[in-house]
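Structure first, then comments.
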Amino acid sequence: MSEDTLETLALGKRPDGRTLLTAAWVLGHGEGGHRLLRNGEVVIEGGAVLFVGHRFPGEVARRIDFGNALISPGFIDLDALSDLDTTILGIDHHPGWAKGRVWPRSYVEAGPYEMYSPDELVFQKRFAFGQLLLNGITTAAPIASLFYREWGETVAEFDAAASAAGDLGLRVYLSPAYRSGGMVLDGPGQMSPVFDEERGFAGLKDAIDFIGRQTGRFGDLVRGLLVPDRVETCTAELLRRTDAAARDLGCRIRLHMAQGSMEVDTVARLHGSTAPAWLARSGLLSDRLIAPHATNATEEDLDLYAEHGVSIVHCPLVSARGGSTLNSFSKCRQRGVNIAMGTDTAPADMLMNLLIGLITCRIDDRASDRVRCADLFDAATLGGARALGRDDLGRLAPAARADIAVFDLDDAVMTPSIDPITTLVIGGSGKVTQAVFVDGRLSMRHGEVAGIDMKVARRRAQAQFDRLVAKYPERSWGHPPVSEIFPPSYPIEGDPHG
Numbered sequence: 026m027s028e029d030t031l032e033t034l035a036l037g038k039r040p041d042g043r044t045l046l047t048a049a050w051v052l053g054h055g056e057g058g059h060r061l062l063r064n065g066e067v068v069i070e071g072g073a074v075l076f077v078g079h080r081f082p083g084e085v086a087r088r089i090d091f092g093n094a095l096i097s098p099g100f101i102d103l104d105a106l107s108d109l110d111t112t113i114l115g116i117d118h119h120p121g122w123a124k125g126r127v128w129p130r131s132y133v134e135a136g137p138y139e140m141y142s143p144d145e146l147v148f149q150k151r152f153a154f155g156q157l158l159l160n161g162i163t164t165a166a167p168i169a170s171l172f173y174r175e176w177g178e179t180v181a182e183f184d185a186a187a188s189a190a191g192d193l194g195l196r197v198y199l200s201p202a203y204r205s206g207g208m209v210l211d212g213p214g215q216m217s218p219v220f221d222e223e224r225g226f227a228g229l230k231d232a233i234d235f236i237g238r239q240t241g242r243f244g245d246l247v248r249g250l251l252v253p254d255r256v257e258t259c260t261a262e263l264l265r266r267t268d269a270a271a272r273d274l275g276c277r278i279r280l281h282m283a284q285g286s287m288e289v290d291t292v293a294r295l296h297g298s299t300a301p302a303w304l305a306r307s308g309l310l311s312d313r314l315i316a317p318h319a320t321n322a323t324e325e326d327l328d329l330y331a332e333h334g335v336s337i338v339h340c341p342l343v344s345a346r347g348g349s350t351l352n353s354f355s356k357c358r359q360r361g362v363n364i365a366m367g368t369d370t371a372p373a374d375m376l377m378n379l380l381i382g383l384i385t386c387r388i389d390d391r392a393s394d395r396v397r398c399a400d401l402f403d404a405a406t407l408g409g410a411r412a413l414g415r416d417d418l419g420r421l422a423p424a425a426r427a428d429i430a431v432f433d434l435d436d437a438v439m440t441p442s443i444d445p446i447t448t449l450v451i452g453g454s455g456k457v458t459q460a461v462f463v464d465g466r467l468s469m470r471h472g473e474v475a476g477i478d479m480k481v482a483r484r485r486a487q488a489q490f491d492r493l494v495a496k497y498p499e500r501s502w503g504h505p506p507v508s509e510i511f512p513p514s515y516p517i518e519g520d521p522h523g
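Right, here's the structure in full:
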């Protein structure tokens, strides 16, 4: 056995033979939950975990000591940011309908178009996947905006996304998003749905074909997930066909619902109830359903989720920034609702989301003793695995997939350090992620991602985003200039000397 360093491993490759990883802390698994092992060891072979514990008795090809760090299961992100996030444009610019978040009738009549080229769509997924790996995320279900799209997502961009996941070494659940309708702005604040059901059926067919072709590629890193868009943009028949397809394919469905006032009002007008109640009446709630965000869910809605085994994807950063919360994380757990986690917005920092999830839950509960840091960490690992129906993800245990994130505990901003999980949640960020292994392959090391130069890509991403922002007047009410849609935080004074 050789005493190696992380730098001796080839980035983007699985090490030959058995590799023993050790650190001050290992988050193992036993008796139904995570267990902290002081000075623990993890042995990986091929794409699987062989051993978790102390003093492995067998032979290994190499031993890598991470020192004062936590070796953890990688995070599972079921609403994973996968584009150049436009949600951040609305942080200080309101209302959303006036800022390009709803298509004005004039834009619809002119003919919505793809505001990114095919190459730009491919690039933004690849860049976003790199960001996920930088933040310790090993399994992702991508999410992107449709506001800058002609209608839904395309097969070509998702074929490329599957290949990008294979190149970079990221486990993904995906297929192109589709819808049968959208919201249109008829006047200031006056929104109404428009539907084209045949386009929704065509999108579903494309997604089914995609899943049939792509599932199992790259050593099973790629699997299918049906992703109809927001519930208010889907007809009952489209959702019935989606449910039937998921049964046939053996895959999950992700459907955004109970997430905002526009949806609540629209579904009430169309169907006379909340979205979860409408789906329950239609027989479309089941444990196949993964439902971000539940921030507008009623008590009845949450009871229906618990009764039917629906998993919530909690995205506390994007919700709290918009003034809403899951009310509450602890109450949903008490009901028996499974909760997974999602990033959804920039930055794609799962640790930041865990901290905000902890804080918002305690504010909603008006109490500090109903949720712990470990509960959020469970949601980002075991909760995501449960939502996907995978008992070989989200944990470090023999026979689990070797999806591992290593977090540095030596960072000065996390001093003094206490329990490693609490320390990471309250003081950490994605920037303390030292290394990521996915299916035994080293996908990220000290900020370097296999298959992409993130520093070069960042410059390209910013230029691409700036070009998109320049097009916002076309799909903003009244078509004002960008300077009026998105004014700066403070007045900008130019250099009078050039």
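According to this note's numbering, numbering within the sequence shown proceeds without interruption in unit steps and concludes at 523.
Beta carbons: idealized from backbone N, C-alpha and C, even for Gly.
Small disclaimer: the values here were computed from a predicted structure and weren't measured.
Which residue's Cα is closest to the Cα of residue i: the options?
i	options	result
S393	E182, M208, S353 and V209	S353
E175	F154, P137, I162 and L158	P137
M469	D444, E325 and G37	G37
D326	G455, H79 and A302	A302
L195	D102, R60 and S311	D102
L2	H504, I451, T447 and S454	With the chain represented from 26 up to 523, any question about residue 2 goes unanswered, as that position is not in the structure.
I162	L52, E332 and V463	V463
V461	F154, R358 and P512	F154
A185	G55, M287 and L146	L146
K150	G476, G361, A427 and V494	G476
T179	G225, D192, A86 and A165	G225
D117	I364, G348 and V474	G348
E56	L193, D390 and A422	A422
T406	I364, M439, F432 and V438	I364
L383	D400, D374 and P372	D400
G58	R411, V74, I429 and D403	D403
Per DSSP, residue i is paired with what?
i	result
I315	R279 and S336
A460	V431 and R470
W128	V209
H54	H59
P218	M208
R500	DSSP, once it has assigned bridges, lists no residue as partnering R500.
R43	E70
A153	Answer by DSSP bridge pairing: none, since A153 is not bridged.
Count the other CB atoms within 10 Å of the CB of residue i; is the residue buried (16 or more) or exposed (fewer)?
i	result
N93	exposed
S142	exposed
Q215	exposed
V481	exposed
Y515	exposed
D478	exposed
A488	exposed
R492	exposed
G414	exposed
E84	exposed
Return the chain-ordered list of same chain residues with a C-beta closer than 6 Å to the C-beta of residue i, the five sequence neighbours on each side being excluded.
i	result
L314	I278 and V335
A48	F91, A94 and I96
W502	A123, P129 and L210
D104	I168, P317, V338, C340, G367 and D369
D436	V457
R39	G465 and R466
A271	L251, I278 and R313
Q239	A187 and V247
N64	none
V133	V209
Just to confirm my understanding: we take residue i, look at its own chain, exclude 5 residues before and 5 after, and list those with CB closer than 8 Å. What are they?
i	result
P218	G206, G207, M208, V209, E257, T258, T291 and L295
T370	L106, D110, T112, I113, C340, L342, V343 and R346
L434	A49, W50, N93, A94, L95, S442, P445, T448, L449 and V457
P498	H504, P505, P506, V507 and I510
G361	A331
P213	W122, A123 and W502
Along the chain, where does the alpha helix (DSSP H) that runs through residue i open and close?
i	result
I451	P445 to G452
R415	Run containing R415: none; DSSP gives neither H nor E here.
S97	S97 -> not in any alpha helix (DSSP H); beta strand (DSSP E) instead, spanning A94 to P98.
G78	Run containing G78: none in the alpha helix (DSSP H); it sits in the beta strand (DSSP E), A73 to G78.
M287	S286 to H296
D551	No statement about residue 551 is possible, as the shown extent of the chain runs from 26 to 523 and does not include it.
M479	M479 to V494
T406	Counting along the chain, T406 falls outside any alpha helix (DSSP H), and DSSP gives it neither H nor E.
D7	Examination of residue 7 is not possible in this model, given that the chain is present from 26 through 523 alone.
Among the residues of its own chain, which have a CB less than 7 Å from the CB of residue i, if the five just before and after it don't count?
i	result
F183	L199, S200, P201 and F235
L524	Because the chain in this structure spans residues 26 to 523, residue 524 falls outside the shown range and cannot be described.
Got a sec, what are the start and stop residues for the beta strand (DSSP E) residue i sits in?
i	result
R544	What the structure shows of the chain is the stretch from 26 to 523, and residue 544 is not part of that stretch, so it cannot be assessed.
T385	That residue, T385, is in no beta strand (DSSP E); its alpha helix (DSSP H) goes M375 to D390.
P167	I162 to I168
G249	V247 to L251
R70	One detail in the question is off: residue 70 reads as Glu in this sequence, not Arg. Looking at the DSSP string, the run of the beta strand (DSSP E) that includes E70 is E66 to E70.
V197	R196 to L199
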